[in-house]
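Here's the structure, in C-alpha cells; my notes come after.
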Amino acid sequence: MDKSALKEQARAAVLERADAATATAKDILAHPEPGYREARTSRVVADWFRAMGLDFRQHLALTGLRADIVGAHPGPSVAVIGELDSLIVPGHPFADPNTNAAHACGHHAQIGTILAVAHAINRPEVKANLHGRVAIMVLPAEEYIELEYRLNLRREGKIEFLGGKPEYIRLGLFDDVDMAILTHATSEENLKDMASSTTLNGTIAKQAVFLGTSAHAGAAPHRGTNALNAAMLALSAIHALRETFQDNDHVRVHPIITKGGDAVSAVPADVRLETFVRGLGIEAIRDAERKVDRALRAGAMAMGAEVHITTLAGYLPLHSDHGLGEVYAANAEEVVGKDRMAVAPHRSASTDMGDLSHLMPTIQPFAGGFTGVGHGNDFVARDYGKAIVNPAMVTAMTVIDLLSESAVKANELKARYKAPLTKATYLAFMRGVTREEHFSYRDDGKEQVCQES
Ligand SMILES: [Zn+2]
Ligand SMILES: [Zn+2]
C-alpha cells in the first residue's frame, strides 16, 4: 500500500476512536493527579492498552507506561509521548476539591491523542508497512512542582530525578529509542490550530534557607539576626543582577518566599525561598545560577546569618530537530490547512522534552483548541477536535512518513542528528548540578563555608 493510502487509513482509524479517546481525556480531566501520584490515570491508560491487545510495561518511574507497536520489518524506533500529570491550581473549574490538582496544562488531551495514535498505528495494514517500531510512552511528572514530596521520594530511593523524562532516561527506557514526538496544548491565538516545534528555556531549581537568631522583635532586636532581611537583600541583589543577563540568553529568575517568619513578635530566624533559574543555553543558565548563588550568600553575609542552598537539576533547554519538525509540519498543514498552521517563536517556559532533545531528534509542536492562560485557573479545552483529533492524525501520519518505505526518512534524520550529550554525559551533568551547600557568616570572628553534594 502506498504512503498516502496508509495515511488515509490512519486518519480514518483516528476518527473511529476519536469519541472514545476524548471521553477518556475528559475522565482524566475530572480526576487530576500531579506528578508521581498518577495512579488512577495510569490505570486508565493500562486499560486502553489491554483492550487494544498491546504489549506494555507499567509502573515505570512509579506510574509511567510504555507500549511498543512493532512493524512488520525491522528499523528505527519512534517514541510518541504523552504526559500523565496535572498541576495544582486552586480555582480551576476542574480542580480536585481536596487537592486542588487541575489539568491546567492540557496533559489530559495528550493522553487522548496518543491513545488515538496507538489505535491507528496498531491497524494490521499500517503495521504491515512499517519498518521499525512505535513506542507509545506515557510519562509521569513533567510539571516541576511539589518539590518536598518528590525530594522525599528521592530520599526513599523511589526516584532519583524530580522529572519523569530524566527518570525514564536513567532507567534506560529511551536507550532503544531513536526520536521523540510530543504534541502540547496551547491557547495562544498566534499559534493558531497547530504550530511548529520551537526552542524552550532550560531550568535549574534552587531552595535557600536563611538562618538567623530569634529575639524579641520589640525589646531586643539587637540580640537577633534577621533572616528575613538577609533574604530581602538576596532578592534585591538578584534584581540588581538582571541588567547583566543578555537578551539572547532569555534568562528568567523568579523567586518566591515560601516562609517569611514564625511570629510577628520575634525576629525571623528561619526564612525560605525557592527560585527557578531559566535560560536558553546550558552555559547561560550556569552563569545565571552562579550569580544567584552569590546574591543569596551576599544577603546572609550582610546580616551575619547562614544560608543553606539546595540546587536541583531541572530541565535542559529544548532544541527542536529541524528535519523531524518539517515532516510533522507538512502533515499538520495537510490536516488543518496552511493558513491555520503557525511558526512558534521561542518560549521561556521549560519542559523535560528538552532533556530528550540533547540525546535524540525531538519535537514538541503545539495543538490549539484551548482557551485561557496556560497554568492559569481558566485554561480549559473548548474544542477537542483541535486538541486531540488533529494532533492524533498528524502524529500518525508523521510516523508513517518516518517508518514506511524502508524507514528512509527516519534513518536520514537519525544519521543527520548530532547528539550534544550521551546518556552518560547527560546523567553526569544532572548529578553534577545537584548539590547542597552551606555558608555561615555568623559574627563569631570566623567565616565558615562548607559544601556537600
Ligand atoms: Zn505545564
Ligand atoms: Zn505541559
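Everything in the sequence shown is counted per my numbering, starting at 13 for the first residue and increasing by one. From the three backbone atoms N, C-alpha and C, an ideal C-beta is built for every residue, glycine too.
Inter-residue spacing [alpha-carbon to alpha-carbon] between Tyr396 and Glu200: On the sequence shown, residue 396 is found 384 positions in, with the first residue counted as 1. On the sequence shown, residue 200 is found 188 positions in, with the first residue counted as 1. Separation of Tyr396 and Glu200 (C-alpha to C-alpha, rounded to the nearest whole angstrom) is 16 Å.
Would DSSP call Ser465 helix, strand or coil? Within the sequence shown, the letter at position 453 stands for residue 465. Its pLDDT being 41, under 50, Ser465 is placed unreliably in this model, and the coordinates cannot settle the point.
Which residue wins for smallest C-alpha separation from Val406, given the options Thr210, Ala128 and Tyr438? For this step, residue 406 is matched to residue 394 along the sequence shown. Nearest option by C-alpha distance: Ala128.
Check: Glu155 C-beta below 6 Å from any heavy atom of ligand 1: As a working note, residue 155 is residue 143 in the sequence shown. For ligand 1, at least one heavy atom lies less than 6 Å from the Cβ of Glu155.
To the nearest angstrom, report how far apart His334 and Arg62 are at their CA atoms. Within the sequence shown, the letter at position 322 stands for residue 334. Within the sequence shown, the letter at position 50 stands for residue 62. Taking the straight line from one Cα to the other gives about 35 Å.
Using CA coordinates, which residue listed in Pro136, Ala242 and Arg428 is at the minimum distance from Ala312? For the purposes of this step, residue 312 is identified with residue 300 of the sequence shown, where counting begins at 1. Nearest of Pro136, Ala242 and Arg428 to Ala312, Cα basis: Ala242.
Give a yes or no on whether the C-beta atoms belonging to Glu154 and Gly176 are separated by under 7 Å. By one-based count along the sequence shown, residue 154 stands at place 142. By one-based count along the sequence shown, residue 176 stands at place 164. For Glu154 and Gly176, yes; Cβs fall inside 7 Å.
Check for me: the beta strand (DSSP E) holding Val82 runs from which residue to which? Taking the sequence shown and counting its residues from 1, one reaches residue 82 at position 70. Unbroken beta strand (DSSP E) run through Val82: Gly76 to Val82.
Please classify Ile216: is it buried, with 16 or more other beta-carbons within 10 angstroms of its beta-carbon, or exposed? Position 204 of the sequence shown holds residue 216. Ile216 should be labelled buried.
If you drop the 5 nearest sequence neighbours on each side, which residues of the same chain put their C-beta closer than 6 Å to that of Glu339? Here the question's residue 339 lines up with position 327 in the sequence shown. The sequence shown places Val at residue 339, not Glu. Closer than 6 Å at Cβ, skipping near neighbours: Thr410 and Asp413.
Of the residues Glu301, Asn110 and Ala121, which one's Cα is nearest the Cα of Asp3? Residue numbering for the chain in the displayed model covers 13 to 465; residue 3 lies beyond these limits and cannot be assessed.
Among Ala341, Leu27 and Val263, whose alpha-carbon lies nearest the alpha-carbon of Ser362? Within the sequence shown, residue 362 is the residue found at index 350, counting from 1. Of the candidates Ala341, Leu27 and Val263, the one whose C-alpha sits nearest the C-alpha of Ser362 is Val263.
Let me know if His266 comes out buried or exposed under the rule of 16 or more other beta-carbons within 10 Å of its beta-carbon. Looking up residue 266 in the sequence shown gives position 254. Exposed, by the Cβ-count rule.
Taking the runs of the beta strand (DSSP E) that are 3 residues or longer, which of them lie wholly in the region 54-119? 67-72, 76-82 and 85-95
Pull up the distance between the alpha-carbon of Ser465 and that of Tyr327, whole angstroms please. Taking the first residue of the sequence shown as position 1, residue 465 is located at position 453. Taking the first residue of the sequence shown as position 1, residue 327 is located at position 315. Legend: pLDDT at Ser465 = 41, less than 50; position of this residue unreliable, value from coordinates given subsequently. For the pair Ser465 and Tyr327, the Cα-to-Cα distance works out to about 19 Å.
Grouping DSSP H, G and I as helix and E and B as strand, with all else coil, what is Asp31? Within the sequence shown, residue 31 is the residue found at index 19, counting from 1. In the displayed model, Asp31 falls within a helix according to three-state DSSP.
With the cut-off set at 7 Å, would you say Gly83 and Lys139 are in Cβ contact? Here residue 83 refers to the residue found at position 71 when the sequence shown is read from its first residue. Here residue 139 refers to the residue found at position 127 when the sequence shown is read from its first residue. Their beta carbons are under 7 Å apart, which means Gly83 touches Lys139 by this criterion.
Report all residues from its chain with a CB closer than 6 Å to the CB of Arg29; omit the five preceding and five following residues, and keep chain order. In the sequence shown, counting from the first residue as 1, residue 29 sits at position 17. Here the set comprises Ala128 and His131.
Rounded separation between Ile192 and Leu425 - CA only: By 1-based counting over the sequence shown, the position of residue 192 is 180. By 1-based counting over the sequence shown, the position of residue 425 is 413. It should be noted that the sequence gives Ala, not Ile, for residue 192. Distance between Ala192 and Leu425, taken at the CA atoms: about 12 Å.
Assumed close pair Phe186, Ala325 - CB separation to whole angstroms, cut-off 8 Å: Position 174 of the sequence shown holds residue 186. Position 313 of the sequence shown holds residue 325. That belief does not hold up - the Cβ atoms of Phe186 and Ala325 are roughly 17 Å apart, past 8 Å.
Inside the region 197-281 only - beta strand (DSSP E) runs reaching at least 3 residues: 214-223 and 268-271
Beta-carbon contacts of Arg135 that lie in its chain and below 8 Å, excluding the five residues immediately before and after: One-based indexing of the sequence shown puts residue 135 at position 123. So the list reads Gln21, Ala22 and Ala25, once near-sequence residues are dropped.
To the nearest angstrom, report how far apart Ile400 and Gly273 are at their CA atoms. Here residue 400 is taken as the residue at index 388 of the sequence shown, counted from 1. Here residue 273 is taken as the residue at index 261 of the sequence shown, counted from 1. Cα to Cα, the separation comes out at about 46 Å.
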